[in-house]
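Trainee: Residue numbers (our numbering), protein chains in the order written: chain A, 141 to 259; chain B, 825 to 931.
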């Protein structure tokens, strides 16, 4: 399966600043990546689907201007949390879907996650 | 809309005992069902998956799950747990995840 990395693993920032999180597929060309948000002791919530070379597809209720996604290459997607506020503090996880069967809803290979704390 | 329910937030079992984690789903068509495990500091790892065919699927680490369409369930089982199985377990339909079940192991 794909090996997925995220950087940074954790970040602390001041309210009002922007934070960029990188998701890299190390051994797999990913035309699609998923970005999730996980609150403490809660489930993963899909935020958006990152598409290489085109705009991301956001889930209902996710602010596009708040969470900017760029998928500039087949191995890198970035999530930028703009003008971060304490309520944006969370665990952000990216994943790369497998290609078996060609469906986007195949098994996913997850990054280790990024813990964001906004002061 | 798709939904996944894991009714047990926490489960505690003794090492060596059997385990069953429950998962119910709501999905209009044939579901793509997954069980993932999340350990602290590590990314989610796929335990097993069901797309079609045999309703009893085998996964890694000795886990298995049974798909029951009539009950809309996909319960995860293991005949004998090890202390290293302590983790958070998530059932998923595609990109929709349940809230997770935290498994505690008693020595």
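A virtual CB, placed ideally from N, CA and C, is assigned to each residue, including glycine.
Could you work out which residue in A/238, A/183, A/154, A/165 is closest to residue 232 of chain A when comparing CA atoms only?
Mentor: Residue mapping note: residue 232 of chain A aligns to position 92 of the first chain, counting from 1. Selected option, being the one with the closest Cα: A/183.
Trainee: Pick helix, strand or coil for residue 252 of chain A, following the three-state DSSP scheme.
Mentor: Residue 252 of chain A sits at position 112 when you count from the first residue of the first chain. Coil, per DSSP.
Trainee: Could you check whether the region 876-885 of chain B touches the region 914-925 of chain B, counting it as contact only if at least three pairs of C-beta atoms, one from each stretch, sit closer than 8 Å?
Mentor: no
Trainee: For residue 176 of chain A, which residues of its own chain have a beta-carbon under 8 Å away from its beta-carbon, when the five flanking residues on both sides are left out?
Mentor: As a position in the first chain, residue 176 of chain A is number 36, starting the count at 1. Non-local C-beta neighbours of residue 176 of chain A in its own chain, meaning closer than 8 Å and more than five positions away in sequence, comprise 184, 185, 186, 187, 232, 233, 234, 235, ordered along the chain.
Trainee: Can you check whether the C-beta of residue 256 of chain A is within less than 9 Å of a C-beta belonging to chain B?
Mentor: Within the first chain, residue 256 of chain A is the residue found at index 116, counting from 1. Taking Cβ atoms only, chain B never reaches closer than 9 Å to residue 256 of chain A, which makes this a no.
Trainee: So with CB distances below 7 Å, who are the chain B contacts of residue 82 of chain A?
Mentor: The structure shown does not extend to residue 82 of chain A, since chain A spans only 141 to 259, so no value can be given for it.
Trainee: Which residues, in order along the region 882-900 of chain B, keep a beta-carbon less than 7 Å from a beta-carbon of chain A?
Mentor: none
Trainee: Mapping the DSSP letters down to three states, classify residue 226 of chain A as helix, strand or coil.
Mentor: Along the first chain, one-based indexing puts residue 226 of chain A at 86. Residue state, collapsed to three classes: helix.
Trainee: Relative to the C-alpha of residue 850 of chain B, which candidate in B/897, B/835, B/872 has its C-alpha closest?
Mentor: Position 26 of the second chain holds residue 850 of chain B. Out of B/897, B/835, B/872, B/897 has the C-alpha closest to the C-alpha of residue 850 of chain B.
Trainee: May I ask you to list, following chain order, the residues of the region 178-193 of chain A that have a beta carbon less than 7 Å from some beta carbon of chain B?
Mentor: 182, 183, 184, 186
Trainee: Got a sec: which bits of the region 150-166 of chain A sit with their beta carbon under 7 Å from any beta carbon on chain B, in order along the chain?
Mentor: Legend: CB atoms of the region 150-166 of chain A lying less than 7 Å from CB atoms of chain B are not found in any residue.
Trainee: So is residue 261 of chain A buried or exposed if we call it buried at 16+ other beta carbons inside 10 Å?
Mentor: Here chain A has residues from 141 to 259 only, and residue 261 of chain A is not among them.
Trainee: Spell out whether any CB of chain B is found under 9 Å from the CB atom of residue 144 of chain A.
Mentor: One-based indexing of the first chain puts residue 144 of chain A at position 4. Taking Cβ atoms only, chain B reaches closer than 9 Å to residue 144 of chain A, which makes this a yes.
Trainee: Is residue 226 of chain A near residue 258 of chain A, with beta carbons less than 9 Å apart?
Mentor: In the first chain, counting from the first residue as 1, residue 226 of chain A sits at position 86. In the first chain, counting from the first residue as 1, residue 258 of chain A sits at position 118. For residue 226 of chain A and residue 258 of chain A, yes; Cβs fall inside 9 Å.
Trainee: Thinking C-alpha only, which one of A/169, A/256, A/223 is nearest residue 192 of chain A?
Mentor: As a working note, residue 192 of chain A is residue 52 in the first chain. With distances taken between Cα atoms, residue 192 of chain A lies closest to A/169.
Trainee: Have a look at B/844, B/872, B/833, B/832 and flag the residue whose alpha-carbon is nearest the alpha-carbon of residue 902 of chain B.
Mentor: For the purposes of this step, residue 902 of chain B is taken as the residue at position 78 of the second chain. Of B/844, B/872, B/833, B/832, the residue nearest in Cα terms is B/844.
Trainee: Comparing C-alpha positions only, which one of A/205, A/251, A/158 sits nearest to residue 217 of chain A?
Mentor: Counting from one through the first chain, the residue named residue 217 of chain A turns up at place 77. Residue A/251 is the option with its Cα nearest to residue 217 of chain A.
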